[in-house]
Amino acid sequence: MDYFSVKQSYYTGNFAQVLKEIVKQEDQTDATLLFYKARALLALGKYESQASSGAFGKVFDAYTEFLKSKNASKLEKLVVKDDSTPFELFLIAAAKAILGDYESSLNLCVQGIDSDVVVGSAELLLLAIEVALLNSQSNVAVTMFENYTNANGNEISSEDELIINIAESYIKFATNKDTTTSNYYQFEELAQSFPTWKTQLSLLNSHLQQGNIDQAEEIVNTLESDYYSVEQKESAELYNPHFLASKITLSIMQGSANTDELRNELTKLAPTHSYSQNNKEINTKFNELVAKYSS
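In terms of the numbering used here, the sequence shown opens at residue 12 and continues consecutively.
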């Protein structure tokens, strides 16, 4: 079965197109299709029970319940870790990462990647790299990436190559490698070939990393145009917190006076966003230092 269009649509942030591509397929209970269908529905805020699709559908239902309750007990009961598929391990590993248990999350990813099951292993690698980078373990991310690509080599399919390229770009972005060359071209090509909110934001952040203020401003103006903010309203609402975080970075680089206004807007819209949380922690530590040395 050809999954290229499904994965391409998903990783460029076109979740509505993911669902359209899946409808074209004959076997709607296929594990890969179900994985991307459920994740696309979650991203769009339109998730509906997948229990009728079999055991994996029930596992995904348990995962969505976890996202609301942050209690992973039901999810863990449904999945026998020693005999799990990579997609099932993905959901438990993602839950562990959300709970802050990065070590367990990485171990689950490694278990799935090292298994004999190829389907879903690329997705697990991408998750593992995201978790490692989130936990400031760039060396672990690099090692896992190199081990995977060296072991699989020419056996990587075209649809999985897309995932591998994204994983590599995340590592390079986090380690500030090839910032103005191959990694930038990766983001630029995606934004030009698949102009979605996600690809434009990726390119925006690449320009911010390079300090390209003028180019970053152009992308901000593009995303605030009617084509993106009105005609793609659903995506605009989905990615607005990330867009605000990027605009805050840009405003700081510009020395603008609206930085605090943007921060307050982000806090109200998405109080649990990583930028808001980090900013809150920094302010708390600063206030503690001020109190300590002024007393």
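Note that CB positions come from ideal geometry on N, CA and C, so glycine has one too.
- No residue range can be given for Q61, since it is assigned to no alpha helix (DSSP H) and is classified by DSSP as neither H nor E.
- The count of Cβ pairs closer than 8 Å, one atom from the segment 271 to 282 and one from the segment 240 to 247, stays below three, leaving the stretches out of contact.
- For P252, the enclosing alpha helix (DSSP H) starts and ends at K244 to Q265.
- Rounded to the nearest whole angstrom, the CA to CA distance from V151 to F101 is 18 Å.
- DSSP assignment within the segment 162 to 248 yields the following whole alpha helix (DSSP H) runs of 4 residues or more, N-terminal first: 169 to 186, 193 to 204, 208 to 221, 224 to 234 and 237 to 240.
- In this chain, the alpha helix (DSSP H) harbouring E32 covers F26 to V34.
- In this structure, G131 lies away from T154, with their beta-carbon atoms at least 9 Å apart.
- Around the beta carbon of P282, fewer than 16 other beta carbons sit within 10 angstroms, so the residue counts as exposed.
- Pairwise C-beta distances place the segment 133 to 144 in contact with the segment 154 to 164, as three or more of them are shorter than 8 Å.
- DSSP places E99 in the uninterrupted alpha helix (DSSP H) bounded by P97 to I109.
- Residue state for T160 is assigned as helix, using DSSP reduced to three classes.
- Under the criterion of beta carbons closer than 8 Å, K18 and L173 qualify as touching, at roughly 6 Å.
- Annotated as proximal: L137 and I177, with beta-carbon spacing under 9 Å.
- Pairing D41 with E170 gives a Cβ-Cβ distance that is not under 9 Å.
- Rounded to the nearest angstrom, the gap between the Cα atoms of I109 and E229 is 34 Å.
- Excluding five sequence positions before and after E87, the CB atoms of its chain that fall closer than 7 Å to its own CB belong to I103, given in chain order.
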